[in-house]
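In my numbering, the protein residues as written are 17 to 174.
Glycine residues also receive a C-beta, built at the ideal position from the N, C-alpha and C atoms.
All values derive from a computational prediction rather than experimental measurement.
Worksheet: one structure, shown below.
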Amino acid sequence: MAGYYCTIRTNYFQVTDENAFRELMKHVQGTEDKVEVFERKEDGVKLFGFGCGSDIAGVDEEYFMRAHGIDPDGDVELDEDDFAEGRYDVFTDCLQKLIVEGDAVIILEASSEKLRFVNGLAEIITRNRMEYLDIKRLSIECAAKMLNNPGWNTQLEY
Numbered sequence: 017m018a019g020y021y022c023t024i025r026t027n028y029f030q031v032t033d034e035n036a037f038r039e040l041m042k043h044v045q046g047t048e049d050k051v052e053v054f055e056r057k058e059d060g061v062k063l064f065g066f067g068c069g070s071d072i073a074g075v076d077e078e079y080f081m082r083a084h085g086i087d088p089d090g091d092v093e094l095d096e097d098d099f100a101e102g103r104y105d106v107f108t109d110c111l112q113k114l115i116v117e118g119d120a121v122i123i124l125e126a127s128s129e130k131l132r133f134v135n136g137l138a139e140i141i142t143r144n145r146m147e148y149l150d151i152k153r154l155s156i157e158c159a160a161k162m163l164n165n166p167g168w169n170t171q172l173e174y
């Protein structure tokens, strides 16, 4: 894709195990940029967030193998298709287990490819659920409602 740009940023959230969170994030990779972790204290509670100047690919091979009970130093060869398809899921599954009950991680993503498309996504992860919001779909649904025309649709991409 020519001229594709993506940026990821989260809210600040609390984790159950700071060391496990830091270990996970050491192994999370962006497609083109380094994933950065940031933190702050609010009312004496440490909160974390992260961001990246590209998409998040997921965990690296070492963490992926350990998550699947495979010794990274052993003789078992990693299935590249399984890794490519599952590395983001391992990231979100592991992150979900570290979120404090009653808190949520909101991963905001803004992306564009020149003027061909502009999109915004939100992935909301709580300890028990994950939901995705797509600004294009939400905008079309809202316009259809405003027009009192449930079948209304439009093209938002080149």
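In this structure, the alpha-carbon of Tyr174 lies about 7 Å from that of Leu131. Between the alpha carbons of Gln45 and Glu157 lies a gap of roughly 34 Å. Excluding sequence positions up to five before and after Val92, its CB lies within less than 7 Å of the CB of Ile86, all in the same chain and listed in chain order. With a contact defined as Cβ atoms closer than 8 Å, Thr26 and Ile123 qualify at about 5 Å. One thing to note: Gln112 has its Cβ no nearer than 8 Å to the Cβ of Val61. If the five residues before and after Asp89 are omitted, its C-beta is found closer than 8 Å to no C-beta atom of its own chain. In the same chain as Ile115, and ignoring 5 residues on each side of it, the C-beta atoms closer than 8 Å to its own belong to Phe29, Gln30, Val31, Thr32, Val121, Ile141, Thr142 and Arg143, in chain order.
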